[in-house]
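*Asks:* Positions 115 to 591 (our numbering) are the ones given, in order, by the sequence shown.
Glycine residues also receive a C-beta, built at the ideal position from the N, C-alpha and C atoms.
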Amino acid sequence: MTGGGRFFRIGGFSGISRRMTAAPDAKPLKGLFISTYGCQMNVYDSERIRDVLKPLGYAPVDAPEGADLVVINTCHIREKATEKVYSELGKLKQMKLASGGRMTIAVAGCVAQAEGAEIIRRQPAVDLVLGPQAYHKLPEMIARASRAVGDRLETGFDTVEKFDALPKTRDPDGPTAFVSVQEGCDKFCTFCVVPYTRGAEMSRSVDDIVSEVRDLAAKGVRDVTLLGQNVNAFHGAPPRIEGGADWTLGRLVRYIAKIGGIDRIRYTTSHPRDMDDDLIAAHGDTPAMMPFLHLPVQAGSDRILKAMNRGHSADQYRDIIARVRAARPDIAIATDFIVGFPGESDADFEATMQLARDIDYAIAYSFKYSARPGTPATEMHGHVSEAVKDERLQALQALLRDQQTAFNRSQVGKTLPVLVTGRGRIPGQMHGRSPYLQSVHFEAPDTLVNSIVDVKIVSATMSSLTGEPLRVCETAQ
Ligand code: SAH
Ligand code: SF4
Ligand code: F3S
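1. What number of angstroms, rounded off, separates the C-alpha of G617 from the C-alpha of D560?
2. Nearest to I577 by CA position, among D568, V567 and Q552, is which residue?
3. Ends of the beta strand (DSSP E) at K503?
4. State the DSSP-derived secondary structure class of V338, mapped to helix, strand or coil.
5. When DSSP labels each residue in this structure, what does E582 get in the three-state scheme?
6. For ligand 2, any of its heavy atoms closer than 8 Å to the Cβ of N344?
7. Under three-state DSSP, which class holds F277?
8. May I ask you to report which of helix, strand or coil DSSP gives Q430?
9. If S384 sits next to N346, beta carbons under 8 Å apart, how far is it from one beta carbon to the other, in whole angstroms?
10. Using CA coordinates, which residue listed in A476, G542 and M494 is at the minimum distance from T575?
11. Please state whether DSSP places A606 in a helix, a strand or coil.
12. Any heavy atom of ligand 1 closer than 8 Å to the beta-carbon of S484?
13. For T589, name the three-state secondary structure that DSSP assigns.
14. Tell me whether R312, by its Cβ, gets closer than 8 Å to a heavy atom of ligand 3.
15. Ligand 1 and E277: does the residue's C-beta get closer than 8 Å to at least one heavy atom of that ligand?
16. Hey, out of E202, L203, C189 and I219, whose CA is closest to D181's CA?
17. In the DSSP output, what is E557 paired with across the bridge?
18. Helix, strand or coil for A485? Go by DSSP, reduced to three states.
19. Which residue spans inside the segment 387-441 form an unbroken beta strand (DSSP E) run of at least 3?
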């Protein structure tokens, strides 16, 4: 799988089109268009930005043309991601001129955090710049409507204040939802901007998370993905009525599994150093825990892992995967790789290929190393040429594509419980999600949306499965 899949480029929300509709007597709605780049955390944040703006009369529209407010929720992880922001801003500037200046343009997310006022200097059509921990201040920033650059910028790091200020109810799109439980990162991998753009590691309290999950469950959500930049470093305050020490992710997962209506739990993205015994055991003893684990490894050479400051060896990673597979033998393992990190030799790259062969991934995302301003790896010796990075990426992706296709084909003939998420592209066809996070298509009536249906898998490609529905299941698995 190429790098694109793990990272989102969504206009509006979760690809679902919405139209502005106002009750006859309601005050006129203002059009809001949000464009989301980057990881699942940004998808979650965009949804929360929509929630924050709803009381001000903003309603999502399908296109930026004619919108009153356009928010670009940005990603800084690789150079290309950042460049896209400025090309999109150029197009928005034209639309703003065509609207007679009525359109407000806000830049949110990780580029906003990293570049701050520089964004307004480079593209003066931008009205507001707000970092990932400041989007709850958007209403107040819009109200200020001042032209002073200082007033148009919010890049504080108060994550606790943000979660306290967010609306307590959500408006989910269908039976699946993301829930942020942890933000920020203290790991400081030498290639990565996240510790600088998202700030220090912080966990939400269990009570706060549980009330959000209960609200989602009451609105029909059955499959939740707990999010964090380092989600398994979670150490949230325990429920107020229980007290005691902070909870780990394993404990949180077991607790959420008891919430009525929640059939499926996933978490992403985790770090190998934080895969503790209890979390591994939960994969085996908690039925709602889906058999899918995304555990980024980045490289297979110990020398490169050390230079990356990952804090583990390739064999320690192999050992973690072996323990996870012992707890849950059918688990699908996913990962991220970086090729062409400074100093990576042919032998180092071969160690990455060997690790991929040994683990045999269900899905994996691979990226060419991109030097990011302010990160230690930028200063390292032995930067690898683009040509060599290209060659290595192609070799690795060919292997990963074969593994992904083989994993999907191994499901043919099996019956999987599929959570029906919506209509497929072909009339009469429905679309859903397998426990292993595969896309499944099958013919069925659309009354089955939100149900979990047993589907017999009849064919598979690298990207999806096709099957025949057998029956609606009572439980997740
Ligand atoms: N905390 C998460 C998110 C990190 S960003 C994690 O550790 O997985 C997601 C992926 O982007 C990383 O796993 C890594 O593979 C990739 N990435 C991060 N910085 C990069 C860089 N400078 N160049 C290329 N890929 C990068
Ligand atoms: Fe970045 Fe490493 Fe933190 Fe992941 S663990 S966000 S790769 S610094
Ligand atoms: Fe990108 Fe920020 Fe996520 S840099 S990957 S949007 S944490």
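*Replies:* Let me lay it out:
1. With the chain covering 115 to 591 only, the question about residue 617 has no answer from this structure.
2. As a position in the sequence shown, residue 577 is number 463, starting the count at 1. Position check: residue 577 holds Ser in this sequence, whereas Ile was assumed. If we check each option's Cα against that of S577, Q552 comes out closest.
3. Walking along the sequence shown from the start, residue 503 turns up at place 389. That residue, K503, is in no beta strand (DSSP E); its alpha helix (DSSP H) goes E500 to R523.
4. Here residue 338 corresponds to residue number 224 of the sequence shown, with the count starting at 1. Strand.
5. By 1-based counting over the sequence shown, the position of residue 582 is 468. Here E582 sits in strand by DSSP.
6. In the sequence shown, counting from the first residue as 1, residue 344 sits at position 230. Judged by the Cβ position, N344 qualifies as a neighbour of ligand 2 at the 8 Å threshold, a heavy atom of the ligand being closer than this.
7. Here residue 277 corresponds to residue number 163 of the sequence shown, with the count starting at 1. In the structure shown, F277 sits in a helix (DSSP, three-state: H, G or I).
8. Position 316 of the sequence shown, counted from the first residue, corresponds to residue 430. If DSSP states are grouped into helix, strand and coil, Q430 belongs with the helices.
9. Indexing the sequence shown from 1 puts residue 384 at position 270. Indexing the sequence shown from 1 puts residue 346 at position 232. Indeed, because the Cβ distance is near 4 Å, the residues count as touching under 8 Å.
10. Sequence index remark: in the sequence shown, residue 575 carries index 461 (1-based). It is A476.
11. The displayed coordinates of the chain run from 115 to 591. Any statement about residue 606 would go beyond what the structure contains.
12. The residue labelled residue 484 in the question sits at position 370 within the sequence shown. Under cutoff, so the answer is yes.
13. Residue 589 sits at position 475 when you count from the first residue of the sequence shown. Residue placement at T589 cannot be trusted, given a pLDDT of 49 that sits under 50; what the coordinates show is reported in the next sentence. DSSP, read as helix, strand or coil, puts T589 in coil.
14. Here the question's residue 312 lines up with position 198 in the sequence shown. Relative to ligand 3, the beta carbon of R312 is positioned inside 8 Å of a heavy atom.
15. The residue given as residue 277 occupies position 163 in the sequence shown. Checking the displayed sequence, the identity of residue 277 turns out to be Phe instead of Glu. No; taking the cut-off as 8 Å, the Cβ of F277 has no heavy atom of ligand 1 nearer than that.
16. Taking the first residue of the sequence shown as position 1, residue 181 is located at position 67. Here the sequence assigns Ala to residue 181, which means Asp is not the residue at that position. With respect to the C-alpha of A181, the residue from E202, L203, C189 and I219 having the closest C-alpha is I219.
17. Locating residue 557 in the sequence shown gives position 443, counting from the first residue. Bridge partners of E557: Q543.
18. For the purposes of this step, residue 485 is identified with residue 371 of the sequence shown, where counting begins at 1. Taken through DSSP and simplified to helix, strand or coil, A485 comes out as coil.
19. The qualifying runs are 406-408.
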